[in-house]
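A short worksheet on the structure shown next.
Structural data, given as structure tokens:
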């Protein structure tokens with residue numbers, strides 16, 4: 001039996017060479033981060049894209065052109081490439097910088113409005129997003145729609161000059177502090193459950209929006225149940241085409257699943273471990289475990305960069321993105337376990353903020369979420385195997 | 001052996017263990033680097049091939065379990081000979097990195113530099129000791145040895161018939177022969193004093209070549225497993241329709257992709273040299289070796305009983321992974337090298353050295 005061409009070729013990852021401009025950009029971001037550390041805003045905390053909310057930091061970042069940086073200049077963006085954006089956000093996440101205020105507007109809302117929005121929507125939202133003055137939440141999941149997003153029950157009913165939205169969105173991160181949410185709602189009944197869904201831009205301060213906190217097990221308030229109790233949304237806030245909601249939502253999943261936030265969420269804890277070890281002399285066993293973890297971080301980063309390069313080239317690497325998300329988010333949990341094993345430390349949520357026991361507690365309490373958010377990993381693994389079999 | 005030879009042409013390796021006598025892991029079924037007319041041959045890359053091309057060829061050799069030192073020849077021995085300024089012989093080559101070998105100068109009284117600055121007899125060596133588990137030594141025309149002379153690192157060549165060869169093999173029954181050198185004199189023409197950097201480069205090259213072979217074997221584990229779970233029906237449906245199977249299969253695919261990417265990411269840094277090469281290669285071999293257990297475990301588990309027999313070709317890939325993870329430095333060795341100099345401030349810059 002002679003081997004056929006590689007079975008893995010359908011999920012090939014392109015080789016990556018970052019542009020020369022990326023090297024300069026990286027240095028600029030590092031200099032900016034040093035400055036911000038001086039201000040006391042960059043604290044090296046894990047999961048800073050979920051929990052590090054600092055609109056002032058977001059605005060200063062925007063002043064450098066690093067929010068919405070891949071948006072065209074005519075809409076206030078920096079017109080930079082997707083790989084350059086990658087460099088900026090991986091630097092921010094590795095440093096544990098507070099990026100959660102603008103996170104969704106930068107990662108999803110901006111690109112969605114650019115791709116699907118009307119000219120009027122682009123002119124209104126994109127410059128505000130790029131200025132760090134307009135923050136978005138995601139209104140996709142519901143009580144009965146976790147991994148199975150097509151089962152959303154939120155309804156949008158036609159009114160004289162727009163739509164009336166009724167339903168409850170779950171896990172809307174930052175809905176209590178942000179300006180808008182992109183809401184997926186059913187506009188039409190259809191035989192095909194993926195049809196009849198549409199996306200709306202909902203003003204979170206509009207009448208009928210009621211935001212109810214969902215406290216995390218750590219007690220933190222990051223997520224909400226966002227009740228839409230007959231919220232009137234004007235026609236001009238329909239995002240994209242009526243009935244195209246499913247296509248629009250799934251089209252952005254590769255962006256959402258493959259970025260550096262899928263393997264760097266706990267990275268600052270490893271930095272903290274190394275800081276602790278500098279005060280002792282590390283044993284070979286400790287170093288070997290750190291080295292194995294570092295090799296895996298290095299390798300997952302290369303895969304993640306490969307997806308970024310494919311996206312930059314206009315491809316739709318959905319299977320590769322699912323693969324990166326599963327590998328990367330499992331690694332985020334492994335990192336916490338390894339750090340705990342290398343230097344046994346009782347996790348203490350009440351220890352001095354920023355101390356190793358406190359960071360460990362924080363990362364640990366967040367850890368079950370890593371493999372859930374952005375698509376539960378078990379479901380993603382189905383996407384991976386199906387992708388390989390279908391293309392054989 | 002299915003090597004097809006003709007008198008002239010570009011040397012290639014055609015043997016594919018999946019359809020040769022080597023399928024049954026006969027240690028004598030060694031394909032040598034020869035000319036071939038086989039259409040699907042894994043070609044030994046041309047001497048001027050880029051590192052990326054060499055890695056791709058080594059990966060393909062690993063995927064096909066080619067019973068010959070293709071990676072050893074193309075990625076390790078040939079480049080080291082060129083670096084040292086020695087001629088590159090025709091055919092299969094191998095290497096040994098042996099700083100523990102006893103090396104003396106054969107004519108210590110001679111002037112250190114010959115006439116016109118050329119090396120004279122004074123660099124002739126007397127070497128004693130054993131080169132352990134040299135890959136494919138019995139099939140190699142030349143073995144490139146890196147050792148430490150009183151003056152510092154040296155590179156020299158020997159032919160296997162100059163040594164006492166004790167055949168050995170790894171788990172995959174690939175030849176790993178001991179070469180005993182009894183105060184063997186190596187003429188100065190086959191000796192070069194080299195920099196400590198070249199000694200280090202030899203280790204990096206060997207580790208990356210091995211990692212590329214492993215990436216290929218990992219890929220073969222995926223191919224065989226996906227083919228099996230798609231074709232094999234139990235309880236009225238293909239194994240691949242079972243959720244429990246999908247979960248494991250996806251992890252296998254992911255782990256193989258991780259190894260392959262880590263290997264490819266090291267191509268440009270190896271050419272560039274310096275710290276970037278060290279980081280990328282150490283990460284690649286650490287990852288390849290660390291992933292081997294999981295890849296082999298899942299592939300076997302999903303193959304069921306047939307996979308643990310010679311009725312299935314799976315063993316060709318998994319026994320190689322189990323052997324290769326230890327060869328040219330295991331994950332602990334390379335993880336230590338990677339972590340040794342890491343600090344809280346250098347960790348992230350190290351990870352972003354490339355690109």
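Chains as they are written, first to last, in the numbering used here: chain A, 1 to 392; chain B, 1 to 355.
No residue lacks a Cβ here, since even glycine has one placed at the ideal position from N, Cα and C.
For clarity, every value in this text was computed on a predicted model and none was experimentally measured.
Classification of residue i by the beta-carbon crowding that lies within 10 angstroms, buried from 16 upward
i: residue 153 of chain A; result: exposed
i: residue 87 of chain A; result: buried
i: residue 341 of chain B; result: exposed
i: residue 197 of chain B; result: exposed
i: residue 75 of chain A; result: buried
i: residue 233 of chain B; result: exposed
i: residue 123 of chain A; result: exposed
i: residue 304 of chain A; result: buried
i: residue 142 of chain B; result: buried
i: residue 305 of chain B; result: exposed
i: residue 353 of chain A; result: exposed
i: residue 235 of chain B; result: exposed
i: residue 316 of chain A; result: exposed
i: residue 164 of chain B; result: exposed
i: residue 311 of chain B; result: exposed
i: residue 284 of chain A; result: exposed
i: residue 229 of chain A; result: exposed
i: residue 174 of chain A; result: buried
Those residues which DSSP pairs with residue i across a bridge
i: residue 238 of chain B; result: B:233
i: residue 168 of chain A; result: A:227
i: residue 104 of chain B; result: B:126
i: residue 200 of chain A; result: A:183 and A:238
i: residue 99 of chain A; result: DSSP, once it has assigned bridges, lists no residue as partnering residue 99 of chain A.
i: residue 94 of chain B; result: B:143
i: residue 162 of chain A; result: A:159 and A:234
i: residue 88 of chain A; result: Bridge partners of residue 88 of chain A: none, in fact.
8 Å Cβ cutoff, residue i in contact with chain A
i: residue 234 of chain B; result: no
i: residue 240 of chain B; result: yes
i: residue 331 of chain B; result: yes
i: residue 294 of chain B; result: no
i: residue 71 of chain B; result: no
i: residue 335 of chain B; result: yes
i: residue 226 of chain B; result: yes
i: residue 36 of chain B; result: Residue placement at residue 36 of chain B is poorly supported in this model, since its pLDDT is 41, which falls under 50; the coordinates are not used for a value here.
i: residue 258 of chain B; result: yes
Chain B contact for residue i (CB, 8 Å cutoff)
i: residue 284 of chain A; result: yes
i: residue 271 of chain A; result: yes
i: residue 381 of chain A; result: yes
i: residue 375 of chain A; result: no
i: residue 326 of chain A; result: yes
i: residue 281 of chain A; result: no
i: residue 15 of chain A; result: yes
i: residue 300 of chain A; result: yes
i: residue 149 of chain A; result: no
i: residue 288 of chain A; result: yes
Nonlocal neighbours in the same chain, by C-beta distance under 6 Å from residue i, ignoring five residues either side
i: residue 171 of chain B; result: 319, 322 and 323
i: residue 334 of chain B; result: 282, 285 and 286
i: residue 149 of chain B; result: 103
i: residue 258 of chain A; result: 304, 307, 321 and 324
i: residue 168 of chain A; result: 225 and 227
Same chain only: Cβ atoms within 7 Å of residue i, ignoring 5 sequence neighbours per side
i: residue 54 of chain B; result: 45, 74 and 75
i: residue 357 of chain A; result: 345, 346, 347, 348 and 351
i: residue 328 of chain A; result: 262, 263, 300 and 304
i: residue 196 of chain A; result: 186, 187, 188, 189, 190 and 243
Proximal chain A residues relative to residue i, where beta-carbon distance stays under 8 Å
i: residue 253 of chain B; result: 8, 11, 323, 384, 385 and 388
i: residue 319 of chain B; result: In chain order: nothing, as chain A lies at least about 18 Å away.
Contacts of residue i in chain B (Cβ-Cβ under 7 Å)
i: residue 378 of chain A; result: 247
i: residue 93 of chain A; result: Within 7 Å Cβ-Cβ: nothing; residue 93 of chain A doesn't reach chain B, min ~10 Å.
Proximal residues of chain B, C-beta to C-beta of residue i below 8 Å
i: residue 265 of chain A; result: Those within 8 Å of residue 265 of chain A in chain B number zero; the least Cβ separation is about 14 Å.
Heavy atom of the ligand PLP within 7 Å of residue i beta-carbon
i: residue 387 of chain A; result: With respect to small molecules bound, the structure shown includes none, and the ligand PLP cannot be examined in it.
8 Å Cβ shell around residue i - same chain, five flanking residues per side excluded
i: residue 274 of chain A; result: 290
i: residue 376 of chain A; result: 146 and 147
i: residue 312 of chain A; result: 81, 82 and 83
Neighbouring residues, chain B, relative to residue i (Cβ below 9 Å)
i: residue 145 of chain A; result: Here the premise fails: no neighbours, minimum Cβ distance about 20 Å.
i: residue 26 of chain A; result: 352
Chain-ordered neighbours of residue i on chain E, where CB pairs are closer than 7 Å
i: residue 67 of chain A; result: The structure shown contains no chain E; its protein chains are A and B.
Residues that residue i contacts on chain A, provided the C-beta gap is smaller than 7 Å
i: residue 286 of chain B; result: 291, 292 and 295
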